[in-house]
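Quick note, the sequences are listed as chains A and B, same order. In the working numbering, each residue's number is its place in the first sequence (first place is 1) plus 450. In the working numbering, each residue's number is its place in the second sequence (first place is 1) plus 19. Every residue, glycine too, gets a C-beta built ideally from N, C-alpha and C. See below for the structure under consideration.
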Amino acid sequence: MLRVASVDKRFSAEGPLVLDDLDLSVGQGEFVSLLGPSGCGKTTLLKIVAGLLPPTAGKVFLEGKESSEPSRDKAMVFQHFNLLPWRTTINNVAYGLEVQGVAKAERLEKAAQFLQLLDLEGYENHYPSQISGGMKQRVGLARALATEPRLMLMDEPFGALDALTREYLQDELAKIAASQNLTVLFVTHSIDEAIYLSDRIVVMGNNPGRILLEYPVPFERPRTTTVVRADPRFAELRNQVWLLLEEEKAGR
Amino acid sequence: MTTLSAEYALLGRIPPRVVRIASVVLVLVTWEVAGRAAPRWASYPWEIGAAFVDNADRIAEAFVETFKAVGVGYALSVVGGVLIGFGMARIRVVKVALDPYVAVLYSTPRITLIPLAILLIGIGFNLRVLMSVLASIFPMIINTYAAVDSVSGELEETARSFTASRWSITRTVLIPGAIPGIFVGMRVGIIRALVGVIVAEMTAGAAGVGALLLVFGRFFQSEKLFGPVLLLGLVSILLTRGLSYLERKLAPWQD
């Protein structure tokens with residue numbers, strides 16, 4: 451479904467290599483996490499896939515076709531929510547559809563549907579400044595989902611939330627991803643979060659950003675954080691990933 | 020500590036509006052009594068009121084003259100400042116090219132430009148318009164620039180990720196994002212535009228409220244000086260209040 455082929459990235463001609471010959475693929479309906487220390491280029495990779503940044507070399511293919519620009523089959527969720535402060539909840543959710551040229555009645559109906567999916571009923575006419583961080587990210591999620599993308603790109607979407615809210619939203623995302631059969635590329639620096647949510651964890655290293663190893667996650671989906679945490683395989687996988695990241699840090 | 024909390028307790032029982040009115044009445048009465056006791060030294064409220072009514076025609080004429088210049092100068096500043104601010108925020112070469120002028124003119128006391136301006140364009144209406152533009156365009160430019168610049172990063176990228184075109188980015192991100200900054204500029208700018216015109220009138224002395232005040236001052240008519248000054252203050256408050264009201268209507272998302 452998504453294939454990243456030999457992508458290099460430098461921010462300037464003489465600048466350091468931020469991504470080095472990176473290959474990655476994500477299957478239909480698969481939830482893949484990109485995990486790594488800050489500065490390993492995972493967000494840069496996500497933005498290249500989104501078409502927001504051009505790669506220095508290499509290509510991104512979506513269902514076999516080259517995909518180098520933002521397109522309707524991709525939608526992104528951002529760490530800092532990036533809601534438009536001057537739009538109410540419903541108009542923020544409808545935003546993606548609006549710029550994609552969907553007629554007003556239709557986009558509001560879609561928006562209402564996804565508001566409901568994310569438990570935002572009753573907040574349709576609130577501005578972002580009037581709702582909590584957790585609700586803002588629900589709006590961010592609804593906005594991306596409402597465009598019904600084939601690929602969801604999520605850039606540390608729960609990184610700016612408090613621990614409790616983060617866990618609620620992780621469970622909610624796990625449920626929605628399963629019920630809507632989403633294909634997701636998810637950037638995080640939390641090992642736990644990567645394990646809770648993904649089918650596969652791609653661990654990246656620093657200087658230059660590259661893929662170290664991939665781990666399949668052995669739990670059935672849908673699943674909840676509490677169930678995963680109680681499973682002994684959770685601690686084992688967590689340790690393995692941790693040791694790999696430690697080793698990588700010591701090796702430099 | 021105790022006096023402070025005692026004061027708050029007192030205020031807690033008396034509504035602020037009553038305190039405010041009492042304060043104004045107290046000052047006016049004291050002033051009236053003191054002014055009548057020493058009439059050479061200063062005029063007093065009653066005399067000031069009478070002088071204002073007697074000179075209503077001249078004062079009205081001067082206000083019309085002044086606010087014609089303020090209106091034209093402010094309108095030019097708002098339109099020009101928004102366009103320049105947008106240009107500087109979005110087009111790199113515009114920013115690089117205009118930066119030195121903005122920096123130098125913004126930090127020069129603009130009153131020092133009056134003699135030069137008089138040499139170039141005389142002491143008429145144009146001078147007053149020019150001074151109000153010079154006084155009010157920089158807060159417009161700077162605040163519009165800052166607002167557009169602040170939505171040009173992440174929010175613009177967000178819009179792009181949803182395949183927004185350049186035009187829809189302008190319509191859905193840049194313009195609404197600029198509104199709060201434009202209003203900050205407009206609120207600061209309206210007062211500056213007024214000050215700019217009055218200063219030009221007081222320096223060049225041709226017409227308007229500034230010139231009228233100079234005339235009253237030269238003839239030691241202190242009772243005539245207070246009325247127009249108070250009226251100017253009142254008009255300024257109304258104008259800024261009006262702008263705040265307009266902002267709440269146009270940009271209701273701000274808390």
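Buried or exposed by the 16-neighbour rule on C-beta atoms within 10 Å, applied to residue i
i	result
A/LYS554	exposed
B/TYR164	buried
B/VAL37	exposed
B/ARG55	exposed
B/ILE140	exposed
A/MET585	buried
B/TYR120	exposed
A/ILE645	buried
A/SER456	exposed
B/VAL248	exposed
A/GLU670	exposed
B/PRO158	buried
B/GLN273	exposed
A/LYS524	buried
A/ARG683	exposed
A/PRO504	exposed
A/ARG557	buried
B/ARG59	exposed
B/ARG267	exposed
B/GLU175	buried
Contact check, residue i vs residue j, beta carbons under 8 Å
i	j	result
A/ASN631	A/GLY479	yes
A/GLY546	A/ALA594	yes
A/LEU506	A/ASP471	First, the residue type needs correcting, since residue 506 of chain A is Thr and not Leu in the sequence shown. No. Outside cutoff.
A/LYS625	A/ALA596	no
A/GLU519	A/LYS509	no
A/LEU619	A/PHE608	yes
A/PHE528	A/ARG453	no
B/GLY200	B/ALA166	yes
B/VAL170	B/VAL192	yes
B/ILE78	B/LEU231	yes
A/LEU614	A/VAL589	no
B/THR177	A/ARG522	no
B/ILE209	B/TYR63	no
B/VAL218	B/ILE130	yes
B/ARG179	A/LEU502	yes
A/LEU467	A/PRO658	yes
8 Å contact criterion, which residue i and residue j should meet: CB distance rounded
i	j	result
A/VAL717	A/MET602	Since the displayed chain A opens at 451 and closes at 702, residue 717 of chain A lies outside it and no answer follows.
B/SER151	B/GLY204	With a Cβ gap of about 14 Å, B/SER151 and B/GLY204 do not count as contacting.
A/LEU647	A/LEU623	7 Å
B/LEU275	B/LEU132	Absent from the model: residue 275 of chain B. The displayed extent of chain B is 20 to 274, so no value can be given.
B/GLY246	B/PHE71	3 Å
B/SER96	B/ILE161	Rounded, the Cβ-Cβ distance is 12 Å, inconsistent with contact.
A/ARG650	A/VAL667	7 Å
A/ASP642	A/THR493	19 Å between Cβ atoms; not a contact.
A/GLY491	A/LEU469	5 Å
B/ALA61	B/SER241	6 Å
B/VAL113	B/GLY104	Contact doesn't hold; Cβ gap of about 10 Å is too wide.
B/LEU102	B/ILE198	With 8 Å as the limit, B/LEU102 and B/ILE198 do not qualify as a contact, their Cβ atoms being about 15 Å apart.
A/LEU662	A/GLU698	6 Å
B/ALA57	B/ILE142	Wrong, their Cβ atoms sit about 38 Å apart, outside the cutoff.
Checklist line | Cβ-based contacts, 8 Å cut-off: residues of the segment 165–197 of chain B near chain A | finding: Of all residues in the segment 165–197 of chain B, GLU173, LEU174, GLU176, THR177, ALA178, ARG179, SER180, PHE181, THR182, ALA183, SER184, SER187, THR191, VAL192, PRO195, GLY196 have a Cβ within less than 8 Å of some Cβ in chain A.
Check: Is the segment 180–196 of chain B touching the segment 122–129 of chain B in the sense that three or more CB pairs, one from each, lie closer than 8 Å?
Finding: Cβ pair count under 8 Å is below three, so no.
Next item on the list: Say whether the segment 675–682 of chain A touches the segment 691–702 of chain A, bearing in mind that this needs 3 or more beta-carbon pairs closer than 8 Å, one atom from each stretch.
Entry: Because the criterion of three Cβ pairs below 8 Å is not met, the segment 675–682 of chain A and the segment 691–702 of chain A do not touch.
Checklist line | Under 8 Å (Cβ pairs) to chain B, residues found in the segment 545–566 of chain A | finding: Hits within the stretch, in order: TYR545, GLY546, GLU548, VAL549, GLN550.
Notebook entry, point to check: Does the segment 556–573 of chain A come within contact of the segment 252–270 of chain B, defined as at least 3 CB pairs closer than 8 Å?
Noted result: Between the segment 556–573 of chain A and the segment 252–270 of chain B there are fewer than three C-beta pairs closer than 8 Å, too few to call the two in contact.
Margin query: Residues of the segment 94–124 of chain B in Cβ contact with chain A at a cutoff of 9 Å, in chain order, please.
Written below: Answer in chain order: no residues at all.
Check: Are at least three pairs of beta-carbons, each pair with one atom in the segment 483–495 of chain A and one in the segment 534–550 of chain A, less than 8 Å apart?
Finding: Output reads no: the segment 534–550 of chain A does not touch the segment 483–495 of chain A.
Checklist line | Given 8 Å, three or more beta-carbon pairs between the segment 84–94 of chain B and the segment 146–160 of chain B | finding: A contact exists between the segment 84–94 of chain B and the segment 146–160 of chain B.
Note to self: What are the residues in the segment 252–273 of chain B lying within 8 Å of chain A by C-beta distance?
What the structure shows: Identification of residues in the segment 252–273 of chain B having a C-beta nearer than 8 Å to some C-beta of chain A yields ALA270, PRO271, TRP272, GLN273, given in sequence order.
Item checked: Contact between the segment 35–49 of chain B and the segment 205–214 of chain B (3+ Cβ pairs under 8 Å) -> No: the two stretches stay apart, fewer than three of their Cβ pairs being nearer than 8 Å.
Next item on the list: Could you say if the segment 530–541 of chain A and the segment 574–581 of chain A meet the contact criterion of at least three C-beta pairs nearer than 8 Å?
Entry: Touching, yes.
Item checked: Positions along the segment 492–514 of chain A whose CB lies within less than 7 Å of some CB in chain B -> Taking 7 Å as the Cβ-Cβ cut-off against chain B, the residues of the segment 492–514 of chain A that qualify are ALA500, LEU502.
Next item on the list: Give, in chain order, every residue of the segment 526–538 of chain A whose Cβ lies closer than 7 Å to some Cβ of chain B.
Entry: Residues passing the 7 Å Cβ filter: MET526, PHE528, HIS530, ASN532, LEU534, PRO535, TRP536.
Checklist line | Against chain B: residues of the segment 596–617 of chain A by CB proximity under 9 Å | finding: Among the residues of the segment 596–617 of chain A, those with a Cβ less than 9 Å away from any Cβ of chain B are THR597, LEU603, in the order of the chain.
Next item on the list: Pull out every residue of the segment 575–591 of chain A whose Cβ sits closer than 8 Å to any Cβ of chain B, in chain order.
Entry: The segment 575–591 of chain A vs chain B, Cβ under 8 Å: TYR577, PRO578, SER579, GLN580.
Check: Using a Cβ cut-off of 8 Å, which residues of the segment 460–479 of chain A contact any Cβ in chain B, in chain order?
Finding: Residues: none.
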